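Heads up, the sequence shown is in the UniProt record's numbering, so the first residue is 1 and it goes up one at a time. Ideal Cβ placement from N, Cα and C applies to all residues, glycine included. Note that this is a predicted model, so its numbers are computed, not measured. Here is the structure we will look at, set down as structure tokens.
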Amino acid sequence: MQTRSIDIDFEVHKAIELERWSFDETPNEALRRMLGIDASETQRPESESVTPIANGRPWVGKGKSTGLILPHGTDLQMDYNGQRFTGHVDNGTLVLEGQRFSSPSGAADELCRTRDGRKTRLNGKELIQVRLPGESGWVLLKEYEQRLRRKAKAA
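Printed below as a string of structure tokens:
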């Protein structure tokens with residue numbers, strides 16, 4: 001099947017990205033599903049089939065994180081002052097060390113302390129690393145956000 005490029009705004013791009021079952025699924029496959037168009041032309045061989053990520057909503061950034069989307073089940077880790085904090089995205093929230101947070105900086109500010117125990121004011125995107133479902137490598141959240149922005153501009 002022949003494809004062609006179209007111009008879409010950022011809100012449409014976000015909706016398509018939220019619909020994708022995994023990063024192996026193409027935006028076209030997600031859009032065909034959203035529109036109810038028979039996807040048989042784009043079916044993958046059984047060995048390459050995409051399975052949906054466990055039921056759950058992605059975390060969608062707001063404010064300074066607008067456009068940043070992390071699928072449900074994404075692993076999180078943050079290192080600060082010799083401590084490692086771990087967690088995951090659970091049904092639309094960031095969970096680190098069993099605590100729920102609405103933003104990366106909120107998590108960093110709450111969990112990280114100076115050596116003498118004082119609270120911090122940190123940019124969580126510069127500390128938190130993510131490992132997306134089905135992937136093996138970790139990437140700094142800030143770098144992942146930059147990738148998404150470049151991808152959105154190229155679309």
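Coarse secondary structure for residue i, derived from DSSP in three states
i, result
"R32", "helix"
"F101", "strand"
"K64", "helix"
"S49", "At S49, the pLDDT of 37 sits below 50, so the modelled position is not reliable; the number obtained from the coordinates is stated separately. Residue state, collapsed to three classes: coil."
"E135", "coil"
"T42", "A caution first: T42 carries a pLDDT of 44, below 50, which makes its placement in the model too unreliable to give a value."
"I16", "helix"
Residue burial classification, residue i (beta-carbon count within 10 angstroms, cutoff 16)
i, result
"K14", "buried"
"M78", "buried"
"G63", "exposed"
"L111", "buried"
"S105", "buried"
"R147", "exposed"
"A154", "exposed"
Unbroken beta strand (DSSP E) run spanning residue i, endpoints
i, result
"H88", "83-90"
Beta-bridge partners of residue i, as assigned by DSSP
i, result
"L76", "G87, V130"
"W59", "L70"
"R113", "K119"
"T93", "D90"
"L140", "Q129"
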